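Colleague:
Numbering (our numbering), first residue to last: 7 to 123.
1. With DSSP collapsed to three states, give me the class of residue 47.
2. According to DSSP, what are the bridge partners of residue 17?
3. Given 8 Å as the limit, is there contact between the region 111-118 and the region 84-94, that is, 3 or more CB pairs closer than that?
4. Counting along the chain, where does the beta strand (DSSP E) carrying residue 118 start and finish?
5. In three-state DSSP terms, what is residue 29?
6. Which of the three DSSP states, helix, strand or coil, is assigned to residue 12?
7. What separation, rounded to the nearest whole angstrom, lies between the Cα atoms of residue 82 and residue 75?
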């Protein structure tokens with residue numbers, strides 16, 4: 007059985023970007039993590055240790071967001087790598103990092119990157 011756990015809408019304030027203002031003022035980001043794996047055993051046994059702990063996913067995102075990067079691509083790759091390392095039973099993983107109101111030469115609500123296997 008193919009099953010999926012998603013942790014969506016992780017909102018964090020961080021200091022990423024190429025412009026000096028971005029690293030001083032910071033901005034709002036949203037991280038979404040989609041994880042496919044077989045959690046049938048966890049569901050049948052009602053055992054947290056047999057599944058993915060949502061808090062662990064949140065903490066990985068929070069820790070990586072605290073490390074400034076020029077590119078959200080770099081940030082997304084770090085989050086992705088930590089998640090697949092922390093949960094080796096994952097079949098598929100997708101990480102989306104969204105930067106809210108990026109500084110651009112016009113009105114743009116958000117930009118995002120997606121890393122998936």
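Where a beta carbon is used, it is the ideal one built from N, C-alpha and C, also for glycine.
Please read these numbers as outputs of a predicted model, since none were measured by experiment.
Modeller: In brief:
1. As a first step, residue 47 is located in the chain shown; it is residue number 41 there, counting from the start. If DSSP states are grouped into helix, strand and coil, residue 47 belongs with the helices.
2. Against the chain shown, residue 17 aligns to sequence position 11. Partner(s): 36.
3. At 8 Å Cβ cutoff, the stretches do not touch.
4. One-based indexing of the chain shown puts residue 118 at position 112. 116-122 is the extent of the beta strand (DSSP E) around residue 118.
5. Indexing the chain shown from 1 puts residue 29 at position 23. For residue 29, the secondary structure class from DSSP, reduced to helix, strand or coil, is helix.
6. Position 6 of the chain shown, counted from the start, is the residue given in the question as residue 12. Three-state DSSP puts residue 12 in a strand.
7. As a working mapping, residue 82 is identified with position 76 in the chain shown. As a working mapping, residue 75 is identified with position 69 in the chain shown. Taking the straight line from one Cα to the other gives about 10 Å.
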